[in-house]
Structures are given as structure tokens and as C-alpha cells.
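Asker: Going by numbering that gives the first Met the number 0, the sequence shown opens with residue 0, and the numbers climb by one from there. Just so it is clear, CB atoms sit at the ideal spot from N, CA and C, and this is done for glycine as well. Predicted, not measured: the structure shown is a model, and the values here were computed from it.
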Amino acid sequence: MGRFACRLLLCAAISARCAASSVAGPEVQPSDLTVDVIRRIDQAARDRPLESRVQNVAGFHGDVVSWLVSRAPLSPAEEVDRAAALHAEICGARKVVPTPVALAADFQALTARMPPDMRPAEFRFTLTVLDEPERKAFSGGGGFVYITRSLLKELYDEGAERQPRLDFCLARELGHIGLGHCRRGHELKLLEDESKRGIDLGIDRDVLRSLLHTAVAAGGSLARFLYTPQQEFAADLFALHLCRNARHDTDRALDAIRYECLRARPDLAAPAEPGVERPAAGPRPADQPDPFLRLKRLQMELSGEPDSAAAYGLFIYDRETSEFRRAAEQSLAVGDRAVVFIHGLEGNGGFYLPLMKEVARNQRGANLEFFEFRFPNDQSLARSGEYLTRELARVCTTCRDVDFVCHSAGGLVFRYFAEVHNGEFCKAIFQATPHAGSELARLRTLLEAGQFLKGLKLGFPESLEQAILDGRGQIAYDLHPGSLFLEYMRAASCGELHADEIPAREYEHLRRQRLGR
């Protein structure tokens with residue numbers, strides 16, 4: 000990375016503080032996660048409010064650095080070199096114990112399921128066990144993952160009983176590597192080093208450290224990188240999807256986060272006494288994600304619940320007003336013919352409105368009901384597929400007489416309903432759906448740049464904020480060829496998840512055609 004780029008990125012650093020802290024409490028063990036304790040933890044997670052828009056953009060200015068750095072990353076070879084030097088430093092200062100053979104094999108099987116673009120050929124994934132009292136798993140980038148012996152004893156045995164939650168912990172660190180969070184830490188350390196070698200911006204080094212997005216921990220700390228809440232959430236989601244593809248019970252995998260919740264709130268290990276309120280959770284640093292909120296977000300991922308139920312779901316088209324209203328429960332009876340339209344990555348409500356109006360004027364469309372399914376453009380395709388499944392069950396008595404018209408990524412949302420849940424339908428039409436992924440997903444940066452330029456009329460900060468926040472979504476990762484989502488769908492379509500495959504004749508694909516009205 001040249002000095003000009005370093006100067007540009009350093010000048011872009013405005014404000015985002017990342018500091019580490021931990022919540023201490025009475026000792027608890029994973030064995031304390033009984034059915035009743037899990038129920039109390041899950042209820043506490045459900046009661047957590049989601050972040051407000053203000054909270055989501057609170058770290059925006061730090062994201063300026065993150066966004067720019069991610070556009071000029073270290074090469075895989077450079078990351079490996081820096082990670083190897085860090086590995087030598089960590090192992091030279093601490094006792095390393097042998098990694099159990101079975102665990103090493105499980106770890107390699109887990110890494111083999113990572114998307115190809117997240118495990119470059121230069122990486123050699125290794126799991127190192129450190130004889131340290133701190134219960135921790137962390138990563139140094141370049142394929143190097145570490146776990147302390149104390150945490151390993153709690154989460155691992157040779158059987159499968161504890162494997163899902165241990166794999167979740169390791170998969171989170173693989174997520175930090177694959178999603179570039181560790182690389183970000185190395186890049187920012189490089190910026191610090193460059194500033195020490197002569198780039199003088201008149202910024203105090205301690206202040207500069209506090210401005211960096213992915214912070215570098217103080218010397219002596221086990222974990223060398225301090226992640227933002229958004230990065231922690233992204234790693235959680237990656238871990239959940241990787242454990243899903245490894246055929247783990249995903250709810251059991253979430254015990255890893257439930258354990259963190261119990262360590263933060265050990266009072267949940269026992270029922271509340273009648274008439275006595277539980278103590279409120281202590282304050283947490285704004286940059287340290289709440290484990291209960293992390294758990295809630297992953298539970299919403301599994302259930303398909305969107306952040307805003309009012310904005311998304313099935314909406315019915317009113318021919319009289321040409322407007323949409325939320326579809327009522329069981330509003331489509333047996334024998335009713337209907338078409339459900341599903342928009343794509345950059346679509347939204349009303350995307351198919353011109354087509355609906357045209358078909359409604361046609362005599363053959365006189366007895367058809369038209370619905371559109373609205374889903375967020377940033378959440379995972381699996382989550383939207385779960386939500387579509389829930390909404391169809393809410394609105395339709397049966398889907399045997401329902402056709403689906405799907406544009407782009409909307410087709411993958413539909414396929415999740417049809418193949419993972421074996422959903423019934425009459426016919427599905429795909430318009431430019433990237434069934435094997437799309438290399439264009441890698442060009443999302445150009446889309447962000449276009450949105451940025453288009454939004455300049457809003458002012459520079461607002462435009463940049465909008466472009467950065469839009470680029471955070473999981474859906475872009477799902478559309479990469481070989482993504483965890485596409486591999487999961489491939490397994491479903493091959494009949495590995497269900498004995499009955501969806502007949503290919505019920506799918507109609509429209510590609511490379513110039514469609515008329």
C-alpha cells in the first residue's frame with residue numbers, strides 16, 4: 000500500500016472508538032444451560048430492542064475508514080506474512096499444547112466448507128491451542144485461528160454433544176478472516192507504522208488509534224484485533240451459516256452465544272423469586288455488542304422475522320385504486336388463482352406494478368389475484384426465504400394454484416421456499432435469476448459509487464453514509480458464486496435435504512431475451 004493511499008486513508012479517519020472490556024460475574028459452566036435456563040435467556044434476548052437508525056449510523060464516520068481501506072486491501076500473501084509474524088510472536092510468548100487429532104480434523108472439515116474466495120490459496124488454515132486461563136477464541140488473519148485450553152475443555156469432547164457450539168466459536172473466527180476483518184486490522188496497523196515512519200498529519204498517535212475502525216489491541220492481549228459491533232454481527236451470521244452447511248443443529252450452535260449471555264447475566268441460571276425483579280444488566284460500552292442482541296439477531300435469521308414487519312411481507316394489489324395493502328390472513332382460499340411477484344436485489348414495492356396493470360386489463364387475468372412479496376435488500380436470502388414461507392402460510396390456504404414471477408435474487412428467495420421447505424406451487428417463472436451466483440455481485444462497489452454520486456445532491460456526508468450502509472448487507476455475499484447460501488441450495492436441489500425433488504418442468508427461465516410489455 001503506497002504512502003499516498005495511507006495519507007488518504009488516514010485523513011479520512013474522523014471518529015470511531017473501539018475499546019475492549021469484559022463483564023465479570025460468578026462462574027458458570029456450559030452445563031448450566033438447561034432447558035429452563037435456555038428459555039429464560041431466549042426470552043431476555045427477545046425482549047432486547049433492536050438498534051435504532053441513530054445507533055446504526057453512530058459508527059458511520061469510522062466506517063469511512065473501513066469503507067476506503069476495504070477498497071485498497073492487502074494481498075493475501077501480504078496478509079499471510081503479517082499473520083505469520085504475529086503467530087510467531089504469540090507462540091513465542093505462550094505455551095502451546097497439542098491440538099487433539101479429532102478436533103484438528105473437524106476444524107479442517109469446517110474450513111473446507113468456506114466459500115473459495117474466502118480461503119485464498121496462500122492461506123494455510125491452522126488451529127492452535129494455547130495454555131491460557133482466559134476463555135477465548137480469536138484469529139490473527141491469514142488462516143491462523145487460536146483457542147485457549149480453558150475454553151476448549153468447556154466446549155469440546157470426542158462426541159458430538161458439544162461440537163455444534165465449539166464449531167460456532169471457531170466458525171466466527173473463520174468469519175473474521177474470510178470477511179476481511181483481520182485483514183482490516185493488519186491494514187490499520189500498517190497505517191500506524193506508516194505514520195511513525197514519516198507521514199505527519201499533526202494527529203496525536205493515541206488519538207489516531209482511537210479513530211481506527213478495526214482497532215489493534217494493546218500489547219500483551221491475546222486477541223490482537225478489536226472489532227466493531229457490525230463486524231461481530233457479520234461474523235456471527237457467517238458462523239451460523241457455516242454450521243448450517245456442516246449439518247449441525249443450528250439451535251444447538253447458538254448455545255455458544257447463550258453461554259456468553261449466561262456469563263454476562265449469571266442470575267438467569269436460577270428462576271426469579273416471586274415479587275423480586277431481576278437486576279438490570281450493567282451498562283456496556285457502545286462499541287461492544289450485547290450478547291443478548293447478538294442472540295436475538297440470529298434467532299430472527301432462523302425464523303425469517305424482518306427488522307420491520309410493517310414494511311415487508313405479502314401485499315395484495317387493488318385493481319380499483321392500483322395500490323397495495325397488506326394481505327389479510329387466509330385471504331386466498333382453495334381454488335383461487337393467484338400470482339405472487341418477487342422483486343430482486345435493487346427492487347422494492349411496486350417493482351412489478353406496470354406488469355400487474357397490463358395483465359389486469361387482459362381478459363385472461365380477470366380472475367387472478369396479484370400479490371407482491373417485499374423483502375429487505377440487505378438481509379440474507381435464507382432469512383427472506385424463511386419469511387416468504389411464513390407469509391405464504393399466513394395468507395394462502397394452499398399454494399397449489401399460485402404462480403410465482405421472480406426477478407433476479409427474488410428467484411433465489413422463492414427457491415428457498417420451494418426446495419428447502421418443499422413448498423407447493425403451480426409454476427415459477429425466473430427472470431435473470433443467478434442460480435449459480437453472479438460475478439457481478441463483486442462489482443457492488445460500482446453500484447455503491449453510483450449511488451454515492453447520485454446522492455451528492457443530499458450533501459457529501461449523507462451521500463457517503465447511504466453508500467456505506469447499503470454495502471453492509473449479507474445478500475451481496477449470498478450472491479457470490481460458491482457462497483454458503485448457494486452451496487446450501489445446491490444440496491437442497493440435489494435432494495440431500497428432502498426426498499422429493501421439485502420437478503424441473505415447473506420452473507421456466509427467461510434469459511437473454513428482450514421482453515415486451
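1) Could you tell me which residues DSSP pairs with Lys426 in its beta bridges?
2) For Phe323, which residues in the same chain have their Cβ closer than 8 Å to its Cβ, ignoring the five residues on either side in sequence?
3) By Cβ distance, which residues of its chain are closer than 6 Å to Ala519, with the 5 residues on each side in sequence left out?
4) What's the gap between the Cα of Asp477 and the Cα of Leu483?
5) Give the straight-line distance between the Cα atoms of Arg134 and Thr147, rounded to the nearest whole angstrom.
6) Per the DSSP calculation, Ser482 is bridged to which residue(s)?
7) Under 9 Å between the Cβ atoms of Ser407 and Gly303?
8) Can you give me the start and stop residues for the alpha helix (DSSP H) that Ala111 sits inside?
9) Apart from the five residues on each side of it in sequence, which residues of its chain come closer than 7 Å, Cβ to Cβ, to Asn366?
10) Rounded to the nearest angstrom, how far is the Cβ of Leu380 from that of Tyr351, given a contact under 8 Å?
11) Count the other CB atoms, across all protein chains shown, that sit within 10 Å of the CB of Gly346; report buried if there are 16 or more and exposed otherwise.
12) Would you mind reading off the limits of the alpha helix (DSSP H) that contains Asp601?
13) Which same chain residues end up closer than 6 Å to Glu385 when comparing Cβ atoms and leaving out the 5 residues on each side of it in sequence?
14) With three or more C-beta pairs closer than 8 Å as the rule, is the segment 27 to 46 touching the segment 258 to 278?
15) Which of the three DSSP states, helix, strand or coil, is assigned to Thr525?
16) So does Gly177 have its beta carbon nearer than 8 Å to some heavy atom of the ligand ATP?
17) DSSP state of Cys493, grouped into three classes?
18) Using 9 Å as the threshold, is the C-beta distance between Ala532 and Glu507 below it?
19) Helix, strand or coil for Asp335, going by three-state DSSP, please let me know.
20) Is it true that the segment 325 to 339 meets the segment 293 to 300, where meeting means three or more beta-carbon pairs spaced less than 8 Å apart?
21) Could you name the residues that DSSP lists as bridge partners for Thr125?
22) By Cβ distance below 8 Å, which residues in the same chain neighbour Leu294 in space, the five residues on each side in sequence not counted?
23) Measuring CB to CB, does Arg296 end up less than 9 Å from Leu49?
24) Since Glu371 is in the beta strand (DSSP E), which residue starts that stretch and which ends it?
25) With distance defined between alpha-carbon atoms, name the residue in Leu221, Pro288, Leu189 nearest to Pro228.
26) Run through the DSSP bridge pairs and tell me what Tyr316 is partnered with.
27) Measure the C-alpha to C-alpha separation of Thr110 and Gln362 and round it to an integer number of angstroms.
28) To the nearest angstrom, report how far apart Leu391 and Phe340 are at their CA atoms.
29) If you measure between the beta carbons of Gly141 and Val100, is that distance less than 9 Å?
30) Are the beta-carbon atoms belonging to His479 and Asp235 less than 9 Å from one another?
31) Would Glu418 be called buried (16 or more neighbouring beta carbons within 10 Å of its own) or exposed?
32) Below 7 Å CB to CB, which residues in the same chain sit around Pro290 once its five sequence neighbours on both sides are set aside?
33) Mark Pro433 as exposed unless 16 or more other C-beta atoms lie within 10 angstroms of its C-beta, in which case mark it buried.
34) Which two residues bound the contiguous alpha helix (DSSP H) that contains Tyr258?
35) Roughly how many angstroms separate the alpha carbons of Phe106 and Glu319, rounded to a whole number?
36) Give the range of the alpha helix (DSSP H) segment to which Phe167 is assigned.
Answerer: Taking the coordinates as given:
1) The sequence position of residue 426 within the sequence shown is 427, counting from 1. Under DSSP, Lys426 takes part in a beta bridge, and its partners are Asp402.
2) For the purposes of this step, residue 323 is taken as the residue at position 324 of the sequence shown. Here the set comprises Phe314, Ile315, Tyr316, Asp317, Gly348, Gly349, Glu371.
3) The structure shown does not extend to residue 519, since the chain is modelled only from 0 to 516, so the question has no answer here.
4) Taking the sequence shown and counting its residues from 1, the one referred to as residue 477 is at position 478. Taking the sequence shown and counting its residues from 1, the one referred to as residue 483 is at position 484. Their backbone Cα atoms lie some 7 Å apart in a straight line.
5) Your numbering for residue 134 matches position 135 in the sequence shown. Your numbering for residue 147 matches position 148 in the sequence shown. Whole-angstrom Cα-Cα distance: 6 Å.
6) Here residue 482 refers to the residue found at position 483 of the sequence shown. For Ser482, which the question treats as bridged, DSSP gives no partner whatsoever.
7) By 1-based counting over the sequence shown, the position of residue 407 is 408. By 1-based counting over the sequence shown, the position of residue 303 is 304. No, the Cβ-Cβ distance between Ser407 and Gly303 is not below 9 Å.
8) Sequence index remark: in the sequence shown, residue 111 carries index 112 (1-based). Start and end: 100 to 111.
9) To locate residue 366, count along the sequence shown from 1; it is residue 367. Contacts found: Arg336.
10) Locating residue 380 in the sequence shown gives position 381, where the first residue counts as 1. Locating residue 351 in the sequence shown gives position 352, where the first residue counts as 1. That pair is no contact at about 19 Å.
11) Here residue 346 refers to the residue found at position 347 of the sequence shown. Buried, by the Cβ-count rule.
12) Residue 601 lies beyond the range of the chain shown here (0 to 516); nothing can be said about it.
13) To locate residue 385, count along the sequence shown from 1; it is residue 386. Once the five neighbours on either side are set aside, the close Cβ partners of Glu385 are Gly303.
14) yes
15) Summary: the structure shown does not reach residue 525, with the chain confined to residues 0 through 516, and so no result is reported for it.
16) With respect to the ligand ATP, the structure shown offers nothing to examine, as it has no ligands at all.
17) If you number the sequence shown from 1, residue 493 lands on position 494. Coil, per DSSP.
18) Outside the displayed range of the chain (0 to 516) lies residue 532, so it cannot be described from this structure.
19) In the sequence shown, the residue the question calls residue 335 occupies position 336. Reduced to three states, the DSSP call for Asp335 is coil.
20) no
21) Counting from one through the sequence shown, the residue named residue 125 turns up at place 126. Per DSSP, Phe143.
22) Within the sequence shown, numbered from 1, the residue matching residue 294 stands at position 295. Contacts found: Ile40, Asp41, Ala44, Leu253, Ile256, Arg257, Cys260.
23) Residue mapping note: residue 296 aligns to position 297 of the sequence shown, counting from 1. Residue mapping note: residue 49 aligns to position 50 of the sequence shown, counting from 1. With respect to Leu49, Arg296 sits close: the two C-beta atoms are nearer than 9 Å.
24) Translated into positions along the sequence shown, residue 371 becomes position 372. Glu371 -> beta strand (DSSP E) spans 367 to 373.
25) Along the sequence shown, one-based indexing puts residue 228 at 229. Nearest option by C-alpha distance: Pro288.
26) Taking the first residue of the sequence shown as position 1, residue 316 is located at position 317. Answer by DSSP bridge pairing, in chain order: Phe323.
27) For this step, residue 110 is matched to residue 111 along the sequence shown. For this step, residue 362 is matched to residue 363 along the sequence shown. Their Cα atoms are separated by approximately 56 Å.
28) Looking up residue 391 in the sequence shown gives position 392. Looking up residue 340 in the sequence shown gives position 341. Going from the Cα of Leu391 to the Cα of Phe340 covers about 12 Å.
29) The residue given as residue 141 occupies position 142 in the sequence shown. The residue given as residue 100 occupies position 101 in the sequence shown. Their beta carbons are not under 9 Å apart, which means Gly141 does not touch Val100 by this criterion.
30) Position 480 of the sequence shown, counting from 1, holds the residue named residue 479. Position 236 of the sequence shown, counting from 1, holds the residue named residue 235. Result no, Cβ atoms of His479 and Asp235 do not sit closer than 9 Å.
31) The residue you call residue 418 lines up with position 419 of the sequence shown. When all chains shown are included, Glu418 counts as buried.
32) For the purposes of this step, residue 290 is taken as residue 291 along the sequence shown, with counting starting at 1. Same-chain partners within the cutoff: Ile256, Glu259, Cys260, Ala263.
33) The count along the sequence shown starts at 1 and reaches residue 433 at position 434. By the neighbour-count rule (16 or more Cβ atoms within 10 Å), Pro433 is buried.
34) Within the sequence shown, residue 258 is the residue found at index 259, counting from 1. 254 to 263 is the extent of the alpha helix (DSSP H) around Tyr258.
35) Taking the first residue of the sequence shown as 1, we reach residue 106 at position 107. Taking the first residue of the sequence shown as 1, we reach residue 319 at position 320. Rounded to the nearest angstrom, the two C-alpha atoms are 59 Å apart.
36) On the sequence shown, position 168 is the one that residue 167 refers to. It spans 162 to 177 - the alpha helix (DSSP H) in which Phe167 sits, taken as one unbroken run.
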